[in-house]
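Written out below as structure tokens is the structure these notes cover.
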Amino acid sequence: MTNDPSVHHTVPSSLGVGRLYDEQTEIVQTEIVDGAAVDGNIHVGYWDSATDDRSLNQATDRLTDLVAGRLAAAPGQRLLDVGCGTGRPALRIARATGARVSGISVSNQDIDLARTRADATALADRVDFRYADACALPFDVASFDGAWAIESMMHISDRTIALTEIARTLRPGSPLVITDVLLRSPVTGDTADLVRQTCRAFQSPSLPEPAELRTSLDRAGLEVVEFHDIGEHVRRTYQAFADAFDDVAPSVDDPHYEFFHSTRSLPRFGALPQIGYAFLVARRR
Ligand SMILES: C[S@@+](CC[C@H](N)C(=O)[O-])C[C@H]1O[C@@H](n2cnc3c(N)ncnc32)[C@H](O)[C@@H]1O
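Under the numbering used here, think of the first position of the sequence shown as 14, with each following residue one higher.
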């Protein structure tokens with residue numbers, strides 16, 4: 014699979030992405046929460062080494078902490094979370110930095126859960142969550158001192174448009190941190206089928222590729238200052254997610270059956286050498 018439009022499968026709209034998270038987010042959060050497997054972070058975990066024995070939950074918080082470190086925000090500053098999920102990363106970063114955070118998502122269910130999560134903390138006056146598309150942000154020029162996008166870019170068809178929008182809302186010199194699944198090199202045959210099938214299940218029109226990301230960032234007026242492929246630090250996630258989803262596998266007649274069934278191939282997908290993980294920092298020029 015490449016980013017050549019002629020080989021794309023059906024391009025999901027942000028409505029389709031929203032529906033995915035409307036339908037799955039609460040299940041993932043509430044059903045698995047007792048086993049403390051996912052608990053609100055909808056992203057990969059980061060393990061320092063093969064002997065790092067962090068749980069999936071601890072490792073996903075660790076990825077959030079790495080993002081927070083690169084934002085280096087100060088109390089009173091404003092940050093934007095593009096694709097905020099259930100708000101756990103936003104609250105963690107608001108708490109760690111003292112900054113104010115605005116989170117957006119194309120899932121109404123995400124926004125409801127994020128607001129509920131915020132209301133249960135002492136941070137409710139420093140965070141806000143609203144339904145919005147990254148490609149049409151409801152914020153003024155230069156509103157933010159920093160932004161991040163954890164695993165939302167993979168859902169967006171035209172990443173240049175979204176990045177241009179994000180850049181518009183950043184003050185010059187401010188950082189944007191992106192973390193996302195990365196297609197290191199093109200895939201063919203059965204491997205391409207597996208990648209395509211996984212993308213379809215997770216509403217991704219195409220996985221970001223390193224050159225494409227760099228080009229889109231550049232066109233958006235964002236200068237890349239760090240670009241790491243941390244694929245080997247996050248690979249454990251795919252098996253851990255599949256195990257967690259397996260524990261709550263619904264019956265065949267359940268409306269969520271198809272999604273959960275598709276997660277069974279996650280370990281095979283995650284083991285592909287072509288699958289990496291981008292951790293990058295760019296600055297608004
Ligand atoms: C894999 S989840 C990650 C959630 C959150 N960042 C986290 O790490 O827990 C992807 C998120 O991106 C959001 N998203 C996808 N496409 C979007 C778009 N075009 N505009 C805004 N949010 C979007 C989804 O609704 C979802 O909240």
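Backbone N, C-alpha and C fix where the C-beta goes; we use that ideal spot for every residue, glycine too. A quick note: this is a predicted structure, and the numbers were derived from the prediction, not measured.
Q: List the whole-angstrom C-beta distance separating isoleucine 124 from arginine 143, where the pair is believed to meet the contact cut-off of C-beta under 8 Å.
A: Here residue 124 corresponds to residue number 111 of the sequence shown, with the count starting at 1. Here residue 143 corresponds to residue number 130 of the sequence shown, with the count starting at 1. Separation of the CB atoms of isoleucine 124 and arginine 143 is rounded to 6 Å, and the pair is thereby assigned contact status at 8 Å.
(Q) Using the three-state DSSP reduction, which class does phenylalanine 272 fall into: helix, strand or coil? (A) As a working note, residue 272 is residue 259 in the sequence shown. Three-state result, phenylalanine 272: helix.
(Q) Report the CB separation of proline 221 from methionine 167 in whole angstroms; it is logged as a contact under 8 Å. (A) Here residue 221 corresponds to residue number 208 of the sequence shown, with the count starting at 1. Here residue 167 corresponds to residue number 154 of the sequence shown, with the count starting at 1. Right, their Cβ atoms sit about 6 Å apart.
Q) Of all the CB atoms in chain B, is at least one closer than 8 Å to the CB of aspartate 66? A) Absent from the structure is chain B; it holds one protein chain and no more.
Q. Aspartate 146: beta carbon under 7 Å from a heavy atom of ligand 1?
A. Sequence index remark: in the sequence shown, residue 146 carries index 133 (1-based). Yes, ligand 1 has a heavy atom inside 7 Å of this Cβ.
**Q.** Alpha carbon of tyrosine 59 to alpha carbon of glutamine 252, nearest angstrom
**A.** For this step, residue 59 is matched to residue 46 along the sequence shown. For this step, residue 252 is matched to residue 239 along the sequence shown. Computed Cα separation, rounded: 14 Å.
Q: Can you check DSSP and say which residues form a bridge with threonine 192?
A: To locate residue 192, count along the sequence shown from 1; it is residue 179. Partner(s): Ile163, Phe292.
(Q) Taking 8 Å as the threshold (C-beta atoms), are leucine 84 and threonine 110 in contact? (A) Taking the sequence shown and counting its residues from 1, the one referred to as residue 110 is at position 97. Taking the sequence shown and counting its residues from 1, the one referred to as residue 84 is at position 71. For threonine 110 and leucine 84, yes; Cβs fall inside 8 Å.
Q.
Starting from valine 265, trace the beta strand (DSSP E) in both directions and tell me its first and last residue.
A. As a working note, residue 265 is residue 252 in the sequence shown. First-last for valine 265: undefined, no H or E at that position.
Q | isoleucine 117 - partner residues in DSSP beta bridges | A | Here the question's residue 117 lines up with position 104 in the sequence shown. BP columns for isoleucine 117 point to Val95, Arg143.
(Q) According to DSSP, is valine 237 part of a helix, a strand, or is it coil? (A) As a working note, residue 237 is residue 224 in the sequence shown. In the structure shown, valine 237 sits in a strand (DSSP, three-state: E or B).
Q) Where does the unbroken alpha helix (DSSP H) through glycine 202 begin, and where does it stop? A) Within the sequence shown, numbered from 1, the residue matching residue 202 stands at position 189. Its alpha helix (DSSP H) spans residues 202 to 214.
Q: Write down the C-beta distance between glycine 234 and alanine 180 rounded to the nearest angstrom, noting that I regard them as a contact closer than 8 Å.
A: In the sequence shown, counting from the first residue as 1, residue 234 sits at position 221. In the sequence shown, counting from the first residue as 1, residue 180 sits at position 167. Contact flag correct, Cβ pair sits at about 5 Å.
Q. What's the gap between the Cα of arginine 213 and the Cα of glycine 89?
A. Numbered from 1 along the sequence shown, position 200 holds the residue referred to as residue 213. Numbered from 1 along the sequence shown, position 76 holds the residue referred to as residue 89. When rounded, the distance between both Cα atoms is 40 Å.
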